[in-house]
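Residue numbers (our numbering), protein chains in the order written: chain X, 1 to 114; chain G, 1001 to 1115.
First the structure, in the form of structure tokens, and then the observations on it.
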């Protein structure tokens, strides 16, 4: 299941397939990006992050791709499992004065079909 | 590993009442952030504290205030509650500051219902 290049609010994927979730960020000064997973009634859970000096980072079953040219971020989940059903948010961290701000993108609700 | 602790987990209040939410950051984390999340919405930043001083302010209503204490825990005080304040309130914490921003780790949230 994937939505190439385009952010969609929902994604339905067959168990065992790969998932691709897309996110467009807004601030070209953002230099750090995080994907969070949020299950119903729970807090956002850190999945994986990537610095702006990288274009790819891999974790356990997850890969994040960063395209700074078009300000696009994607999260790939390999062999999607029922426990992957959740809302996924990308977040960008950008400089703000002497500090940084974390801004969340619109979430994508992933539903895994058995 | 220790995570962010929030209390209470659920809170029901009447309109015009006050509420206090508590957040205990991950040990040795010095920065605390508060977020509000309405149904189907992404988390909206309210306010943050670094070393007990307010470091940033977002869309926090004037009816709300917050502080960070010497043990780094934080409290969000909400007065004159309105129906629209019903939401999930998350606290997040991050570690020692460096040149790069630190990852924010979120607590389980407090679900506030205003009747």
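The C-beta atom is built at its ideal place from N, Cα and C for all residues, glycine as well.
Span of the beta strand (DSSP E) holding residue i?
i: residue 95(X); result: 86-96
i: residue 1075(G); result: 1074-1078
i: residue 1088(G); result: 1087-1094
i: residue 1064(G); result: 1064-1068
i: residue 1044(G); result: 1044-1050
i: residue 1026(G); result: No beta strand (DSSP E) holds residue 1026(G); DSSP gives it neither H nor E.
i: residue 1007(G); result: 1005-1007
i: residue 60(X); result: Segment: none, residue 60(X) is in no beta strand (DSSP E) and carries neither H nor E.
i: residue 51(X); result: 45-51
i: residue 1053(G); result: 1053-1057
Against chain X, with Cβ distances strictly below 8 Å, would residue i count as a contact?
i: residue 1109(G); result: yes
i: residue 1103(G); result: yes
i: residue 1056(G); result: yes
i: residue 1030(G); result: no
i: residue 1043(G); result: yes
i: residue 1049(G); result: no
i: residue 1106(G); result: yes
Would residue i count as contacting chain G if we go by Cβ distances under 8 Å?
i: residue 83(X); result: no
i: residue 106(X); result: yes
i: residue 101(X); result: yes
i: residue 18(X); result: no
Quick one: what's residue i bridged to in DSSP?
i: residue 24(X); result: 72(X)
i: residue 1010(G); result: 1111(G)
Just to make sure I have the definition right: I need the residues of chain X whose C-beta is within less than 9 Å of the C-beta of residue i. Which are they?
i: residue 1027(G); result: None at all; the shortest Cβ gap to chain X is about 17 Å.
i: residue 1090(G); result: 43 and 44
Members of the region 31-61 of chain X that neighbour chain G once the beta carbon cut-off is set at 9 Å: 31, 32, 34, 36, 38, 41, 42, 43, 44, 45, 46, 49 and 51
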